[in-house]
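Data first, discussion second: the structure below is written as structure tokens.
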Amino acid sequence: MKRHLIGVIAAGLTVTLGLTGCSKGSSSGGGGDNKTIRFVAAIYDDKTKSLWDSLIKTFEAQNKGYKVNLEMVDWTQMDAKVKTYVQTKQTPDILNYNAFADFARDGLLFPTSDVLSSQVSGDILPSFVEGDKYKGTQYGMPLLSSVRLFFYNKDVFKKAGIAAPPKTWDEVKADAQKIKSSDKGVAPLGLPLGAEESQAEFFMWAMNNGGGYVDPSGNWTIDSPANVDTLNYLKGLTKAGLTQPNPETSDRKDVFNQFAQGKVGMLNGAVFMPAGFINKVNDKLPYGIAPLPTKAGGTPSTLGVQDFLAAFKNDGGKKKDAVSKFLNFFYQTNNVANFQKEEGFLPVTKSAGAVISGAVPYDKPFVDALPNAKFYPTGNAAWGPLANTVKEKVGTGITASDPKSVLTELQQTAQKNG
Amino acid sequence: MNQRSKAGRGGRPVQAGRGKRMILAAVGYLVAFIFVAPYLEMALTALKPDRELTKSPTTFLPKHWDFGNFVNVWKAAPIWSNMQVSLIVAGVSTLVALVVSLPAAYYTARNRFRGRGAFLLLVLVTQMFAPTALVIGVYREMVALNLTDTLLALILVNAAFNLPFCIWILHGYFASIPKELEEAAYLDGAGKVTALTRVTLPLSLPGLVTAVIYTFIGAWNEYVVALTITSSPNRQPLTVAIPGFVTSYQQHWQYLFATSLIAIIPVVILFIFIERYLIGGLTAGGVK
Amino acid sequence: MHDTVEARGAGVKAPAPPPSALRRFGRALAPLPWIGPAIILIAAVVLWPVVEMARTSLLRISSSGATIGTRGTGNYKDLFDETDLVSVLLRTVVWVVGVVLVTVVVSLALGQLLNARFPGRRIVRWAVVVPWAASVLMTALTWKWMLNNYYGVVNKILQGIGVIDHPVNWLSHPTQALMWMMWVAVFVSLPFTSFVILAGLQTIPQDVYEAARVDGAGQARTYFRITLPLLRPSLLVAAIINVINVFNSFPIIYAMTGGGPGSKTDTSTTFMYKLAFIGSGDVGESAAMAVVNFGLILILVLLYLRAVGWGREA
Chain Z
1 MKRHLIGVIA AGLTVTLGLT GCSKGSSSGG GGDNKTIRFV AAIYDDKTKS LWDSLIKTFE
61 AQNKGYKVNL EMVDWTQMDA KVKTYVQTKQ TPDILNYNAF ADFARDGLLF PTSDVLSSQV
121 SGDILPSFVE GDKYKGTQYG MPLLSSVRLF FYNKDVFKKA GIAAPPKTWD EVKADAQKIK
181 SSDKGVAPLG LPLGAEESQA EFFMWAMNNG GGYVDPSGNW TIDSPANVDT LNYLKGLTKA
241 GLTQPNPETS DRKDVFNQFA QGKVGMLNGA VFMPAGFINK VNDKLPYGIA PLPTKAGGTP
301 STLGVQDFLA AFKNDGGKKK DAVSKFLNFF YQTNNVANFQ KEEGFLPVTK SAGAVISGAV
361 PYDKPFVDAL PNAKFYPTGN AAWGPLANTV KEKVGTGITA SDPKSVLTEL QQTAQKNG
Chain U
1001 MNQRSKAGRG GRPVQAGRGK RMILAAVGYL VAFIFVAPYL EMALTALKPD RELTKSPTTF
1061 LPKHWDFGNF VNVWKAAPIW SNMQVSLIVA GVSTLVALVV SLPAAYYTAR NRFRGRGAFL
1121 LLVLVTQMFA PTALVIGVYR EMVALNLTDT LLALILVNAA FNLPFCIWIL HGYFASIPKE
1181 LEEAAYLDGA GKVTALTRVT LPLSLPGLVT AVIYTFIGAW NEYVVALTIT SSPNRQPLTV
1241 AIPGFVTSYQ QHWQYLFATS LIAIIPVVIL FIFIERYLIG GLTAGGVK
Chain W
2001 MHDTVEARGA GVKAPAPPPS ALRRFGRALA PLPWIGPAII LIAAVVLWPV VEMARTSLLR
2061 ISSSGATIGT RGTGNYKDLF DETDLVSVLL RTVVWVVGVV LVTVVVSLAL GQLLNARFPG
2121 RRIVRWAVVV PWAASVLMTA LTWKWMLNNY YGVVNKILQG IGVIDHPVNW LSHPTQALMW
2181 MMWVAVFVSL PFTSFVILAG LQTIPQDVYE AARVDGAGQA RTYFRITLPL LRPSLLVAAI
2241 INVINVFNSF PIIYAMTGGG PGSKTDTSTT FMYKLAFIGS GDVGESAAMA VVNFGLILIL
2301 VLLYLRAVGW GREA
């Protein structure tokens, strides 16, 4: 009797395991079908998922038999997820990320010439193409671009008696102090140095002090005296209470939200701030846009960011055809233009640019700044790992007793992975 | 010598006087409240609609009781599929762990053999390894075996890592059951296996139950390995799916908590059935 | 007769010539069907990763997981050069010792409470079990929610009773965050530990207390001289399981602060994970950290074995 019970249990186990145990999940197994691809996309704001969903729906309707499995990941989890997928060999077929060069270095990607039609390849704006290349071959495809400029709340400024947005760092400090004394409920300067995007925030200040991540020849200069000076300046602002509490753990989205609610006086904003953050809270917010403040006056620099699509060569590249179809579909003028317009980003293709520009006067200062914008050194294979480390650590530089040590550590990380 | 377990109602002498008992009861209820409070907060938050979640300062009770959250959550994410994964992985891991540990514990308790000491030492040493600490090795192994994103991988990991505890506890229990009882069964004509199942197992039920609940809970709540080696939604257990409700842009804490509460239910059901055995089981195993 | 006679139940064995080599081999193999599956499962799923990690700690792994070559002890050097390592290790000691001590002490009290007779005891026992049944991750997320700067009830309550006068962002300050996380770790460890103590208390026979009372021993004396020593086995079990679990604890810190800012609330386990998956992603260095962690916990377990006198196992 008991023996039969054991037998039944054993049989049940075998059946269960046989049915489900060894089979891979829907996303990675895909039923061995080369027409189903897996796309991991980043969440930029509340709308992103629905935009992709409707694009995919149209694609699947126009291309019978092809299927796209979408996975949305938000930026605070993206780094860990991508690393995990890569190391456990569960990479998606298409990835939306902010780096690609280290994957290209390890031979994991299709060169864009393999998956994009020549028409699409020729349509990409030249400003981006350089940043899409690794050792001369293009692997990254620009998904969207953003340019950063200085945003300020006109009402807060008026109340504090500030006539014009600050042009120099000293003016920033002085204006912040004016705001602090005129309105206790407002954080004078929004400074998001938390792990979401501190690599951008830091870069925006550093580049306007003659610093940055690399020098013109492409060598890493993270612990340069200019950068140390920048960190010390930011540390000083924090200590004087001129920022929101705890910048080192404040994520960009929270600070952007606070600005939208009128609780932050000024900050480094992005072209997509109205579409993604301001309009849904208060579309009448009286904000103004100005160039980024520089240390001592002089020509301001701007940060240009491009996020990429990268196509992974999984399983010997079986899915090249499906990947190619979807990518070419996305880069059709109206599709890509609509995506970028809805999200508030700047166009990355010539044809989309022709459709969008002129339609949105707000974009003009950003579009004008684009040709002179500085980008991250994305063609360097060490950038991916470095960016992640910067995100984690640079914020601690404003609470550390010796900010230089934080930068030195980052410099070492860069050199180790180069 | 192994200390015999006495699952009797021993302990301190009965409290004399109602006063003392009332004080104890009051303290007891306070303690109970403290333990349950966070989950109450979970439940109350799960009943709040979106806009109330971001109110600052917050309120204890929802202004608008949104029971719909518990229903909507099943549509908001493939919770049912995650629940199935959790149930299968936890259930089968427990079965496997039991089926493997029972004979091992029994034989080791009853027989002296060469390598017995080494085996017990192996069991004790592997107990200190947690899946989290070994996650890199585990995923590299699963990649090599091409078992990433499968249920089998999760089952093997959970069964193997809980195996030492099961062997430890069962060993202690078996060792404390006098051999004479089994030998009496042999005299009656029973075979070795029959003696095991008819005589020994029923007596060691508390130990068995402890092993079951410990393994089930361990597998049910395992996070890091599941997070690392699965990528498809239909291979991810609840532990992996639930944090996904709170991303930077959509903070659906109410769904997160609603799902967490739903996830507790199977464990609670298991507990209700086996609670009285649990206390007995925790005695014999650890006492050497 | 050459063969050994094994009469069932009779237990009488006739003296036999020494068994042949084949027989001895056969007998040595006898345990295999019983312990074999266990050994295979452990070897395949627990030991293989251990070996793999030790091996990986000597390799150079690229950020995309490709093995580039050997590094000898290079990963270890990188690890010991990490500026955060010393503070992480110290914090780990504080974490483990603090949490286990508090858990054990409180569990002793809780065990007594759960053992006492009062109406509604069953309900209290069930309530105490709840944190064990709920996953640690979910409990950590709940506490993270409650500690939120803007929407958390903890700030609301503390402000209400006047302890603080404006909301505190608890999890942003490393020291406060660590204390709160240690409380959560204690919270989730109390159920299991209390029940182990409770079980231990229930094995103490009434007569022992009777004898003590007859001898005129007061409550405190009885507790310290009699109850505690008799609880020693349970205490040791609870202690070692807690030390291992708390040392390996991951979801609490990862979910509540992510070990941040930087590595200011990391313990050795979260630090090891972050080395592989966050930041520059150096799997080799992370494996080296894992090996160091093994060493630490091996020392702890060996100390425990000595305390328990394992070698004298009957």
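Protein chains in written order, with our numbering: chain Z, 1 to 418; chain U, 1001 to 1288; chain W, 2001 to 2314.
Heads up, the beta-carbon is just placed ideally off N, CA and C, and yes, glycines get one too.
Keep in mind the model is a prediction, meaning the values are calculated, not measured.
Taking buried to mean at least 16 other C-beta atoms within 10 Å of its own C-beta, is residue i buried or exposed?
i          : result
W:Thr-2203 : buried
U:Val-1125 : buried
W:Phe-2025 : exposed
U:Met-1022 : exposed
W:Tyr-2150 : exposed
U:Ala-1046 : buried
W:Arg-2091 : buried
U:Glu-1041 : buried
W:Met-2001 : Any reading at W:Met-2001 is ruled out, since the residue's pLDDT is 39, under 50, leaving its predicted position unreliable.
U:Asn-1111 : exposed
W:Phe-2224 : exposed
W:Val-2086 : exposed
Z:Tyr-213  : buried
U:Val-1071 : exposed
U:Pro-1237 : buried
Give me the Cα-Cα distance between residue i and residue j, rounded to the nearest whole angstrom.
i          : j          : result
U:Ile-1167 : U:Val-1143 : 29 Å
Z:Asn-430  : Z:Lys-393  : The structure shown does not extend to residue 430 of chain Z, since chain Z is modelled only from 1 to 418, so the question has no answer here.
U:Ile-1264 : U:Ser-1086 : 11 Å
Z:Leu-109  : Z:Ala-322  : 15 Å
Z:Pro-403  : Z:Thr-396  : 8 Å
W:Val-2136 : U:Ala-1190 : 46 Å
U:Ala-1025 : W:Ala-2109 : 14 Å
U:Pro-1206 : U:Pro-1164 : 17 Å
Z:Gly-31   : W:Asn-2148 : Because Z:Gly-31 carries a pLDDT of 47, less than 50, the predicted location of this residue cannot be relied on, and the following value inherits that uncertainty. C-alpha separation (whole angstroms): 43 Å.
Z:Leu-231  : W:Pro-2233 : 55 Å
W:Ala-2288 : Z:Lys-35   : 41 Å
U:Pro-1062 : W:Trp-2126 : 26 Å
Z:Val-406  : Z:Asn-227  : 11 Å
U:Val-1138 : U:Pro-1131 : 8 Å
Z:Thr-408  : Z:Ser-224  : 9 Å
U:Thr-1194 : U:Glu-1180 : 15 Å
U:Thr-1148 : Z:Gln-62   : 33 Å
W:Ile-2061 : W:Gly-2069 : 7 Å
U:Phe-1271 : U:Ala-1241 : 24 Å
U:Asn-1158 : U:Ala-1133 : 14 Å
In terms of DSSP beta bridges, what is residue i paired with?
i          : result
Z:Asn-69   : Z:Arg-38
Z:Ala-101  : Per DSSP, none; premise fails for Z:Ala-101.
Z:Ser-146  : Z:Val-305
Z:Asp-74   : Z:Ile-43
U:Arg-1110 : Looking at the DSSP assignment, U:Arg-1110 forms no beta bridge with any residue, so it has no partner.
U:Trp-1080 : Beta-bridge pairing links U:Trp-1080 to no other residue.
Z:Thr-349  : Z:Ile-124
W:Arg-2060 : W:Gly-2069
U:Gln-1127 : The partner list for U:Gln-1127 (beta bridge, DSSP) is empty, contrary to what the question assumes.
Z:Gln-138  : Z:Lys-133
If contacts are defined as beta-carbon pairs under 8 Å, then residue i and residue j qualify, I think. What distance do you get, rounded to the angstrom?
i          : j         : result
Z:Thr-59   : Z:Phe-329 : A small fix is needed here, since residue 59 of chain Z is Phe in this sequence, not Thr. About 5 Å; that satisfies the 8 Å criterion.
W:Ser-2064 : Z:Val-86  : 5 Å
Z:Ile-179  : Z:Ala-311 : That pair is no contact at about 47 Å.
Z:Ile-37   : Z:Phe-326 : 6 Å
I'd like to know if the region 2208-2218 of chain W and the region 2246-2265 of chain W are in contact, where contact means that at least 3 CB-CB pairs between them fall below 8 Å. Three or more Cβ pairs closer than 8 Å define a contact, and the region 2208-2218 of chain W falls short of that threshold against the region 2246-2265 of chain W.
Are the region 2117-2128 of chain W and the region 2290-2302 of chain W in contact at 8 Å, needing three or more beta carbon pairs? Contact check between the region 2117-2128 of chain W and the region 2290-2302 of chain W: fewer than three CB pairs, one atom from each, fall below 8 Å, which does not count as touching.
Segment contact flag, the region 2156-2170 of chain W with the region 2075-2087 of chain W, C-beta cutoff 8 Å, min 3 pairs: As far as the Cβ criterion goes, the region 2156-2170 of chain W does not touch the region 2075-2087 of chain W, which means the pair count is below three.
With a cut-off of 8 Å, do at least 3 Cβ pairs link the region 339-349 of chain Z to the region 61-72 of chain Z? Touching, no, given that fewer than three Cβ pairs across the two stretches are closer than 8 Å.
Can we say the region 298-307 of chain Z touches the region 123-142 of chain Z, given the rule of at least three CB pairs closer than 8 Å? Counting C-beta pairs closer than 8 Å gives three or more between the region 298-307 of chain Z and the region 123-142 of chain Z, which meets the contact rule.
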